[in-house]
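Student: Here the sequence shown is numbered in this note's numbering, starting from 21 and rising by one per residue.
Even glycine gets a Cβ: it sits at the ideal position worked out from N, Cα and C.
Have a look at the structure that comes next, please.
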Amino acid sequence: MTLGGYPRQRPRRLRSTPALRRLVAQTSLEPRHLVLPMFVADGIDGPKPIPSMPGVYQHTRDSLRAAASDAVTAGVGGLMLFGVPHADDKDAAGTVGTHPEGVLNTALRDLAKDLGDATVLMADTCLDEFTDHGHCGVLDAQGRVDNDATLARYVELAVAQADSGAQVVGPSGMMDGQVAAIRDGLDAAGHVDTVILAYAAKFASAFYGPFRDAVDSTLTGDRRTYQQEPGNAREARREIVLDLDEGADIVMVKPALGYLDVVAAAAEMSPVPVAAYQVSGEYSMIAAAAANGWVDGRAAALESLISIRRAGADIVLTYWAAEAADWLA
Numbered sequence: 021m022t023l024g025g026y027p028r029q030r031p032r033r034l035r036s037t038p039a040l041r042r043l044v045a046q047t048s049l050e051p052r053h054l055v056l057p058m059f060v061a062d063g064i065d066g067p068k069p070i071p072s073m074p075g076v077y078q079h080t081r082d083s084l085r086a087a088a089s090d091a092v093t094a095g096v097g098g099l100m101l102f103g104v105p106h107a108d109d110k111d112a113a114g115t116v117g118t119h120p121e122g123v124l125n126t127a128l129r130d131l132a133k134d135l136g137d138a139t140v141l142m143a144d145t146c147l148d149e150f151t152d153h154g155h156c157g158v159l160d161a162q163g164r165v166d167n168d169a170t171l172a173r174y175v176e177l178a179v180a181q182a183d184s185g186a187q188v189v190g191p192s193g194m195m196d197g198q199v200a201a202i203r204d205g206l207d208a209a210g211h212v213d214t215v216i217l218a219y220a221a222k223f224a225s226a227f228y229g230p231f232r233d234a235v236d237s238t239l240t241g242d243r244r245t246y247q248q249e250p251g252n253a254r255e256a257r258r259e260i261v262l263d264l265d266e267g268a269d270i271v272m273v274k275p276a277l278g279y280l281d282v283v284a285a286a287a288e289m290s291p292v293p294v295a296a297y298q299v300s301g302e303y304s305m306i307a308a309a310a311a312n313g314w315v316d317g318r319a320a321a322l323e324s325l326i327s328i329r330r331a332g333a334d335i336v337l338t339y340w341a342a343e344a345a346d347w348l349a
C-alpha cells in the first residue's frame with residue numbers, strides 16, 4: 021500500500037541494524053541444537069583424514085577423547101559415535117559390535133568416564149560398520165536382510181551400548197519394529213532411562229557416499245529394500261507414526277537438506293523432539309565448493325544449518341557442530 025507515492029509498509033525497517041535483525045529473528049541456531057557425529061577406528065596410529073569429507077577424521081581412542089572434550093567445551097549438544105573395526109573382525113552377524121571390547125563400546129566407556137553428564141552421549145545402533153557384507157542386518161539363506169533376525173541383534177547392540185555408557189541409542193537400519201524391540205530389550209536389561217533416537221524416515225540417498233568411506237564400508241549393492249524411496253513423503257509420515265507408537269523418544273529424518281519437507285511434516289505431527297541429519301554428502305558438497313572458492317564456506321554452512329532448524333528440527337546432526345559452535349560463540 022502506498023501513501024503519497026511511497027510505501028506505507030516497509031519491512032526493511034526491521035533489517036536496518038544488526039541489533040534489530042537479532043531482536044526479531046524468527047529462528048535461532050545455538051550450539052546446544054547441534055550433535056557431532058564422530059568416528060573411532062581400530063588399527064590406526066593417529067587421526068586419519070577422510071578424503072571425501074574435508075576436516076573430518078577417523079579417530080584413535082586418544083584423539084577421540086581429545087576431540088570430544090573440545091567439542092563439549094565449545095558447547096555442542098551431543099556426540100554421536102560410530103565404530104570402525106579391523107576388517108578381520110567383521111563377520112556376517114556383526115559380532116564385534118556387541119563385544120564388550122569392541123571399538124565402539126570401548127570408546128563409549130572412555131567418553132562416559134571423561135565427560136559424564138557434561139554432554140549427551142549417543143551411539144549408532146546398527147550393524148553395517150561391523151558386518152563383512154556391509155548391510156544393516158543379518159542375511160537369510162537367499163542373501164536378503166532378515167528383518168526379525170536383525171531385530172534380535174539390534175537389541176543386543178542397544179544393551180551393549182547402554183552398558184558401555186550410551187545415554188541415547190540410535191537405531192538407523194530401518195527394520196520394521198526396531199523401536200519396540202529395542203525398548204523392550206533395554207527395559208528388560210534395566211536401562212529404562214536410555215533414550216531411543218529413532219531414524220524414523222531414512223531415505224536411500226546418493227548423499228551417503230562419503231560416509232561409506234568414513235566407516236570403511238564393505239557394502240555391495242544397495243539398501244533399497246529397507247531404506248525409503250526418495251519420492252515417498254506419505255510413507256515417511258507412516259514410518260514416523262509407527263516409531264512414535266513404538267515408543268521413540270526422538271524421531272529423526274535423514275538426510276536433511278534434500279528432505280526439508282519431511283522434516284517440516286515430522287515437526288508438525290510429532291509430540292517428541294525432531295532431529296535431522298545433515299549427511300556426509302551434504303557436508304562435503306559445501307566443503308568442496310568452499311575449498312574451490314565458489315562459496316563462503318562458513319556462511320554457507322551456517323545458512324544450511326539454519327534452514328534445517330527453520331524447517332522444524334529441534335536437533336541437527338552435522339559434521340560442522342564443533343566449528344559452528346565456535347562460530348556462533
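#1: Do Val215 and Gln187 come within 8 angstroms of each other at the CB atom, strictly closer than that value?
#2: Consult DSSP for Ile328 and reduce its assignment to one of helix, strand or coil.
#3: For Gln248, which residues does DSSP report across the bridge?
#4: Please tell me whether Met272 and Ala201 are closer than 8 angstroms, where the distance is taken between their beta carbons.
#5: Should the segment 103-118 be regarded as contacting the segment 59-72, the criterion being three or more beta carbon pairs within less than 8 angstroms?
#6: Just checking my contact of Gly185 with Met142 at CB under 8 angstroms: how many whole Å lie between their CB atoms?
#7: So what's Asp111 in DSSP terms, helix, strand or just coil?
#8: According to the neighbour-count rule (16 or more other Cβ atoms, all chains shown, within 10 Å of its Cβ), is Met73 buried or exposed?
#9: Can you check whether the CB of Thr238 is closer than 8 angstroms to the CB of Gly154?
#10: Rounded to the nearest angstrom, what separates Ala253 and Gly301 at their Cα positions?
#11: Under DSSP, the alpha helix (DSSP H) around Tyr174 begins and ends at which residues?
#12: With a cut-off of 8 angstroms, do at least 3 Cβ pairs link the segment 28-37 to the segment 73-83?
#13: Count the other CB atoms within 10 Å of the CB of Glu249; is the residue buried (16 or more) or exposed (fewer)?
#14: Tell whether a beta-carbon distance below 8 angstroms holds between Ala296 and Val261.
#15: If you follow the alpha helix (DSSP H) that Leu128 is in, where does it begin and where does it stop?
#16: Check each candidate in Arg85, Asp265, Thr338 and name the one with the smallest Cα separation from Val199.
#17: Compare the Cα-Cα distances from His119 to each of Gly313, Phe150, Leu206 and report the closest residue.
#18: Tell me the rounded alpha-carbon separation between Ala220 and Trp347.
#19: Name the DSSP beta bridge partners of Ile216, please?
#20: Whether or not the segment 283-291 and the segment 329-344 are in contact is what I'm after, with contact meaning three or more pairs of Cβ atoms, one per stretch, closer than 8 angstroms; do they touch?
#21: Measuring CA to CA, which of Asn167, Val55, Leu124 is closest to Val179?
#22: According to DSSP, is Phe366 part of a helix, a strand, or is it coil?
#23: Counting only runs of 4+ residues fully inside the segment 238-287, write out the alpha helix (DSSP H) ranges in chain order.
Tutor: Once the coordinates are examined:
#1: Within the sequence shown, the letter at position 167 stands for residue 187. Within the sequence shown, the letter at position 195 stands for residue 215. In this structure, the beta-carbon distance from Gln187 to Val215 falls below 8 angstroms.
#2: Here residue 328 is taken as the residue at index 308 of the sequence shown, counted from 1. If DSSP states are grouped into helix, strand and coil, Ile328 belongs with the helices.
#3: As a position in the sequence shown, residue 248 is number 228, starting the count at 1. Per the DSSP secondary-structure output, Gln248 pairs in a beta bridge with Phe223.
#4: The residue given as residue 272 occupies position 252 in the sequence shown. The residue given as residue 201 occupies position 181 in the sequence shown. Not in contact: Met272 and Ala201 (Cβ atoms no closer than 8 angstroms).
#5: A contact exists between the segment 103-118 and the segment 59-72.
#6: For this step, residue 185 is matched to residue 165 along the sequence shown. For this step, residue 142 is matched to residue 122 along the sequence shown. Not confirmed; about 11 angstroms, so no contact.
#7: Taking the first residue of the sequence shown as position 1, residue 111 is located at position 91. The three-state reading of DSSP puts Asp111 in strand, counting E and B together.
#8: Here the question's residue 73 lines up with position 53 in the sequence shown. By the neighbour-count rule (16 or more Cβ atoms within 10 Å), Met73 is buried.
#9: For the purposes of this step, residue 154 is taken as residue 134 along the sequence shown, with counting starting at 1. For the purposes of this step, residue 238 is taken as residue 218 along the sequence shown, with counting starting at 1. The answer is yes: Cβ separation under 8 angstroms.
#10: Your numbering for residue 253 matches position 233 in the sequence shown. Your numbering for residue 301 matches position 281 in the sequence shown. Approximately 21 angstroms, taken between the alpha carbons.
#11: Position 154 of the sequence shown holds residue 174. Note, Tyr174: alpha helix (DSSP H), 167-184.
#12: Between the segment 28-37 and the segment 73-83, the count of C-beta pairs closer than 8 angstroms stays below three; the two stretches do not touch.
#13: For the purposes of this step, residue 249 is identified with residue 229 of the sequence shown, where counting begins at 1. Exposed.
#14: For the purposes of this step, residue 296 is identified with residue 276 of the sequence shown, where counting begins at 1. For the purposes of this step, residue 261 is identified with residue 241 of the sequence shown, where counting begins at 1. One thing to note: Ala296 has its Cβ no nearer than 8 angstroms to the Cβ of Val261.
#15: One-based indexing of the sequence shown puts residue 128 at position 108. Here the alpha helix (DSSP H) through Leu128 covers 123-135.
#16: Residue mapping note: residue 199 aligns to position 179 of the sequence shown, counting from 1. Its Cα nearest to that of Val199, the residue Asp265 stands out among Arg85, Asp265, Thr338.
#17: Locating residue 119 in the sequence shown gives position 99, where the first residue counts as 1. Measuring C-alpha to C-alpha distances from His119 to each of Gly313, Phe150, Leu206 identifies Phe150 as the nearest.
#18: Start at 1 with the first residue of the sequence shown, and residue 220 comes out as number 200. Start at 1 with the first residue of the sequence shown, and residue 347 comes out as number 327. Using only the alpha carbons, I get a separation of about 30 angstroms.
#19: Here residue 216 corresponds to residue number 196 of the sequence shown, with the count starting at 1. Bridge partners of Ile216: Val189.
#20: With a cut-off of 8 angstroms, the segment 283-291 and the segment 329-344 count as touching, because enough Cβ pairs lie within range.
#21: Here residue 179 refers to the residue found at position 159 of the sequence shown. Checking every option, the nearest Cα to that of Val179 belongs to Leu124.
#22: As shown, the chain starts at 21 and ends at 349. That puts residue 366 outside it, with no answer to give.
#23: Listed in chain order, the complete alpha helix (DSSP H) runs (minimum 4 residues) inside the segment 238-287 are 253-265.
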